[in-house]
Each structure stands twice: as C-alpha cells, then as structure tokens.
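Numbered per my numbering, the sequence shown spans residues 57 to 793. Where is the CB? At the ideal position from N, CA and C, for every residue including glycine. Remember, it's a predicted structure, so these values are computed and weren't measured experimentally. One structure below.
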Amino acid sequence: MDLHVYRNSQDRWHDLRSVARECGAVLALNAVTLDELVERLTPDVKTATAGQRLAVLANVCTAVTHSPPRRGGVDAPSAAPAQAGWSDRPQYYAELTTPAQQPLAVAPPLLSKEGNSSSVTGLFPNLARYAYEAIDDLKAARIRPAELRSAGAERLADMLEHYDRDLRKAGLYNPHDRRTLAASRVRESDIPWLRRFRRVVLHALYDLTEAEFLLIRSLIEALPDGGTVILFNATTNIKPTQFAEWTWQRFVQDESLAEKTFPEFCRPARPNRPVLEKLFVFEAHEPLPPDDSLRIVAASGRYEEVRSVGSDIVDLLNRGESPNEIAVVVRHIETYGEMIEDVFTRYSIPHSFDTGVPLLRIPFIKYWLALLDLVASERSREALVRVMSSAYFTPRLSPKIDVDRVLIAAGYIDRNHLRASHLAARKNSSLTPELERFEQFLDDLEYSTNTVIAFLSRLQPRTLLTQRDRQAWRVLAEELDAVGAVCDGPVPFAQFRKLTSEIAGVRTVDRMISAPAPPGVPRVRVISPISLGYREYSWIFAPGFADSEFPSRSASNPLLPDETIEEMNNSIRPRRLMTSRDHIRKEPLYLFMILDSATRRVTLTYPGSTLEGDTISPSIYVAEIGRHYADSPIRRPSPPSPMGEGEWLSAVADQWRCGSITEERAQKLLGDNIIQRAKIEAKGPARADIGRGVFEVGRVWHPSELNSLKACSFVFLARHGMKLRAAELPDFEVPAL
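Set out below in structure tokens:
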C-alpha cells in the first residue's frame, strides 16, 4: 500500500472524493497531510503554539539585548572556508527582477557582531516579531548557533540558544524541530504504522524546507519501494519554476535517493502551454494567435474586479458548471477577502476560503486592543471616544449619549492637561461617574504587575458577542492560557499588552461566511497561489495583478540581513537560507502555476485606481504576457447581470439615462423619489447657483463679512446669509505649564 502525503487537506479531499465515487466509501488511513504525518510519528511530543514562542522570544530578547554577546567559547568553531559559489542550484535570470520588485528598504542589522544593542529595544519595539520570523527561518534550515557565530551573528546565536533552552525547559518543540525529530525516528526506530506501506507518494510538495526534506528523505529510504514525486508541470520552460525544479533536483542529486525516487507529472499540457513556454524568454518568435483560454481584464477599481469575477462565475454556474471546478486565486487575501465575501454572498455563490482572518481584523479584538492601548497612552479625546462610543463598551453609552460631543463641550484634550472626569464635573455632566470609574480602571492597570492568566481574567468581555467575535476571543484566550506554561511569573502590564498584540498579528481564525453551504455541497474555492500545484481547475480567476502587489515586494529581516545569510550559505552547503532576493524570484512560480492549473480558461484582473482616485499601474506580468500575442489580450469588464434589487434599479436608471426607456416608464419602475433626485443631480454644478439678488451689493459691508467671504464662500453663506451659529463653543482649558 502507498502512503500519500499532501500539502493541505483540500487536495487530499479532492483525491478521496473521486475514489469514493468509484468505491462508494473510503477509509483513507494512507492519505495524510505533512502536519498529520509528523503528529503520527511523534505522538508524545507537544508543539509550541505561536503565543508560547512569542512569549519565549520576548523574554529572550530582553535577556540577550541587555547582556554582552558571547564571543567564541566552546560552542563557537572556527569559521568554515568560504565556498566558491552555489553551482549546484539552477541559475537565476537577472531579467526576472526589476526595480519595482526590489524591497522598499533594507534595514541595517540589529544584532551584528559589533553592533551596540543598548538602544535596540527602544528603536525596534517589535523586536520579538523580527526574532519570531528569523528563528522560524533558521529552524527551517536547521541552523545551529555555532554556524551563526561563524557568520558573525553573535547575539542572534545567543537568542537561538536561549530559545532552545527555554522550550526544552517547558517540554515543548519548535514545529521544525518536531519534523526533524520525526525524521530521526523514521531512520532509527521501527514504527509499526509504517510497516503497512511500501512506497510514499508526494503530491506536489515543491520548495521543501530542510526539515521537511529530511523527513521525506527518511521515508523514501525506509520504505521498500522508495517514493514518487508528483511534479505539477512538464513544460521545458523552467525559468519561472526554478524553485519547484530545485525540489526535484535535490532528490536526483542525492545518490542514496536517486535510485528510489521517480517523477510523475500530474498533467502533461494545458491550453496556456504556448505562452508558458515563452514566459521570460526574450528570443524573437511568431506572435501567438488570440485565444480565449487567457483573459486579462482591466477594471476601474478593486471592487469592480471582484464584481466582474462574481458575474462571470454566476454565468458559469447558470450554464451548469460545477463550483468544484472553479477557483479564485488571491495573492493578498487581506485586501480582497471582505470584498469577495460580500459579492459572492450577494450573488449566492457557494464558496469557501482556504485562508483565515488575522485576529487584528476582528471587530471585538480591535476594540479590546484599543482599550489596552488607552491604558498607557496619552488618552487623547479621539482615542477615548473610540473606546467609550463602541458597542462593546460596558455599560453601553452610544447612541443614547454622544461621548464625543460631551467631551468637546467639557473642553477635554488629553491626560496631559486635565482629566476628563474633572472637566465633565464642572459642566455637571451625567457622564461624570462613568468617566471617573473608567479612568480609575485604566490607572489601576497602567502600573500593575500580574500573571498573564490574571490579566486575561480581569479583562474578560462583559457584553454579548457575535459568533465571529466569540470565535476570535476563544482563539486569543487559548493562546494566552498556553503562555502560562512558559511564562508563569508576574509580568508588567506593558509586556502583557505587547504580547497580546504580537499574538493577534500572527494568529488567524476561520472566516465566518454569512451564508455557509451545507457540508458536501460543491463550493468555489478562494485560495492563495501556494495552494496550487497539485490539482487542476477548469476555470481560474486571479484578481489583484497590480504593480508591487504581484509580484510582491520582500523586505529583509533586520535581525537576519542578506549579508549575514550569504556569509552563512557559504559554510552550510547544501543547506541554504533564502535571501530577500530569493523570495522575490519565487513570485514567477506563482504566476506559472496560475496559468498552468486551468484546463479551460484563466482570467487575470487588475484595478485601475484606488478609492481615492489614485492611479494603480498593472503588474509587470501583464506586459510580459501581452507581448507574446499579436493582439492585446487586455479587455474591459463586460456589464454584469443585475443581482438583487439595488443592481436592478441601477440598471433601469442607466437605461433611462441613455434614453432606452421613457420617463413615465422609469417613474413606475424607480418611484417618484429617485426620479426627483436624479433630476436634481442632472443639473450638476448648477445646483449650487443661488441666483441673483440674494445678497444686496450696494450696501455697507462689515469687515467680518469681507473676511469670511475671502476665507471661504461657504462659511460666508452659512454665517451671514443663512444666519447659522454653533449652539455652544467648546471651552478648551489649557493650564499653564
């Protein structure tokens, strides 16, 4: 029996679904994801959560940046001789990188060998987040502290040592270390579960990390018939796919694996193969003929992109196409996620997201973090109003009490002048007791010290939450509860606030679709490009082909600058850490997989402007694709079919404006109110014409009238023409400093 290993559960479900149709039922004990495989091989090991790792690194950063770096010592070997180059790996093409793809800025190294770290935590308040990302890269490549010291990164090596020691003390494993442990158990132990398998099949697992490759290599060597690596394409153009190609080359170049590893291509060719063979190839060739298998749509804005995609999907579903054969590939889901959910819900498109939502984007989490920010901040009027006017504030004040108006009338600015409760008491405001209670609550928290669990119990929500808010709070609370295993002592409130912010930036929750489809119902998948590569779709839509977004820019981690990485790569071959330039060169692979994963048509879209009207340039990939065709494949979006009452009314109004229907017919369809408003709007700037004779010119003008007219004609009209006055001017009392 074969052991099938997948990157994600969705690809596994696609395979098992086709098998279940043939057999009626499937007990898929031999189909696992990579994470499930690791859990099966190491059931006695517990992986550190994101919150636990951030808590450990916060303590590590504090300890390391306030102590002198270890220079050499028993753990520091002599530097390895520099290697001539990395000739094993496929060469990169400089044409694939343009100035637009370069990072905005490369920060200087924070913890270099000669660096002074006395002000590091002050200049970089998010040092723990940088360390989190740097440690993850180092663990993925199985880098040891001694190898960091040989590259001159003394303090980063100390961080890695402290990090490993604290996790071992808590009985936890880094996720990459757990994969390495699973690989060692495959090599050194006789695992009964593995005896039932003779071969391992890897389903499009390209660009493996060192820890993942070590695990897969151990499986291939341990199983009698070795393994099969399923590659996602069979084209000869490997320039855009060099990272996927490099994954295969690692198996071939290892003599112990070459005889036990075999390639298998999951699809030989697709309609877009002609353009795939010519991408980033600059030799002259005959232009390609027009082909409907590739469309590029230039929309006016981002919402118009999603609306165009939704309209095309509705047309496909009305023609009888299965939602399982449609995928929407989004490079930046944080930009398009809410718009896709809104449009697909209005259009009644069954869909599912493969990616979650960061906790920072959940309404209650944003309110809760704003409350914590208010504790040690200046407590400006805007920040205080934002919290106290929220629907989550207890007791609920808004909309019965306009907190902003009360504070303006009291003359409150911020905590550096006079307290809001004192100013409100002078005005005999009904909000005075609540302001006194809330300010006292904030003051008690500001300089308090307690355990993470105690802070969490003190800041529990006291109002009813929506299902989405409850799910997000449960995830955050579970992370903070788990932090107690590695940080059980008292911490200052400022450290607790920083830790919760870092966790909220890392953790995600599943998207709560407003109209979820029942289990088993086919859905349109909304995925990221990295989820492609194994299975094929009939129709693929990819919005967001805008400049600097696809390809996406990559900035260097200041804790692990490219200079340190290059120096380290010379001594750790064949292992390798990826520089920011390597990450940029990974982008063509995503483009290649989008074009190669569709059997019938790929639709790429890009916005023309932002909501503010600023121009957005198309991605360089749009020009790269277009230059291979005789006629430009770029087109404008077709008018979408009206969906819902609002869009039907808009369509009727457009037809009336064009003269296709009479005013009497439009009045019956739209109603008198809309017709009257349309007639007023049709006047354009003439609506602001107040006519002649409104103001008497031949009279004596007061100087204040002339000053108002010179400053702003609207202020002059309101004050001297319409006689409008503010009900009460705010009395801002600023004490002498």
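query                                                                                                                             : result
Nearest-angstrom Cα separation, counted from residue 540 out to residue 400                                                       : 41 Å
Identity of the residue in 276, 240, 231, 283 nearest residue 265 by Cα                                                           : 231
Residue 776 versus residue 433 - alpha carbon distance                                                                            : 42 Å
Beta carbon of residue 675 nearer than 7 Å to that of residue 603                                                                 : yes
Residues of its chain near residue 527, where Cβ-Cβ distance is below 6 Å and the 5 sequence neighbours each way are ignored      : 565
Length of the line joining the Cα atoms of residue 498 and residue 445                                                            : 16 Å
C-beta contact flag for residue 45 and residue 191 at 7 Å                                                                         : Examination of residue 45 is not possible in this model, given that the chain is present from 57 through 793 alone.
One or two residues paired with residue 727 in a DSSP bridge                                                                      : Looking at the DSSP assignment, residue 727 forms no beta bridge with any residue, so it has no partner.
Residue 393 versus residue 385: straight-line alpha-carbon distance, rounded                                                      : 11 Å
Residue burial classification, residue 543 (beta-carbon count within 10 angstroms, cutoff 16)                                     : buried
Cβ neighbour criterion (16 or more within 10 Å) applied to residue 677                                                            : buried
Rounded separation between residue 627 and residue 613 - CA only                                                                  : 20 Å
Continuous beta strand (DSSP E) stretch holding residue 796: start and end                                                        : The question about residue 796 has no answer, for the chain in this structure spans 57 to 793.
Spatial neighbours of residue 687 in its chain, beta-carbon cut-off 6 Å, leaving aside the 5 residues before and after            : 346
With 16 other Cβ atoms within 10 Å as the buried cut-off, status of residue 57                                                    : exposed
Beta-carbon contacts of residue 272 that lie in its chain and below 6 Å, excluding the five residues immediately before and after : none
Unbroken stretches of the alpha helix (DSSP H), 4 residues or longer, contained in the region 558 to 637                          : 618 to 625
Residue range of the alpha helix (DSSP H) that includes residue 38                                                                : Examination of residue 38 is not possible in this model, given that the chain is present from 57 through 793 alone.
Classification of residue 79 by the beta-carbon crowding that lies within 10 angstroms, buried from 16 upward                     : exposed
Per-residue burial, residue 59 [other beta carbons within 10 Å of its own, 16 or more giving buried]                              : buried
7 Å CB neighbourhood of residue 639 in its chain, flanking five on each side removed                                              : 610
Contact set for residue 351: own chain, Cβ-Cβ below 6 Å, skip 5 residues either direction                                         : 659
First and last residue of the uninterrupted alpha helix (DSSP H) at residue 240                                                   : 231 to 244
Residue 515 versus residue 428: straight-line alpha-carbon distance, rounded                                                      : 9 Å
Where the beta strand (DSSP E) containing residue 409 begins and where it ends                                                    : 407 to 409
Among 63, 93, 357, nearest to residue 668 - alpha-carbon criterion                                                                : 357
According to DSSP, residues forming a beta bridge with residue 258                                                                : 61, 285
Residue range of the alpha helix (DSSP H) that includes residue 391                                                               : 389 to 402
Cβ-Cβ distance between residue 383 and residue 681 below 7 Å                                                                      : no
For residue 89: DSSP bridge partner residues                                                                                      : 62
Residue 253 versus 431, 61, 578, 523, residue with shortest Cα-Cα distance                                                        : 61
Residue 196 vs residue 624 beta-carbon contact at 7 Å                                                                             : no
Cβ-based neighbour list, residue 874, same chain, cut-off 7 Å, excluding 5 preceding and 5 following                              : Look at the range of the chain in this structure, 57 to 793, and you will see that residue 874 is not part of it.
Residue of 578, 579, 577, 600 minimising C-alpha distance to residue 585                                                          : 600
Status (buried if at least 16 other CB within 10 Å, exposed otherwise) for residue 643                                            : buried
Whole-number beta carbon distance between residue 97 and residue 238, since they are thought to touch under 8 Å                   : 4 Å
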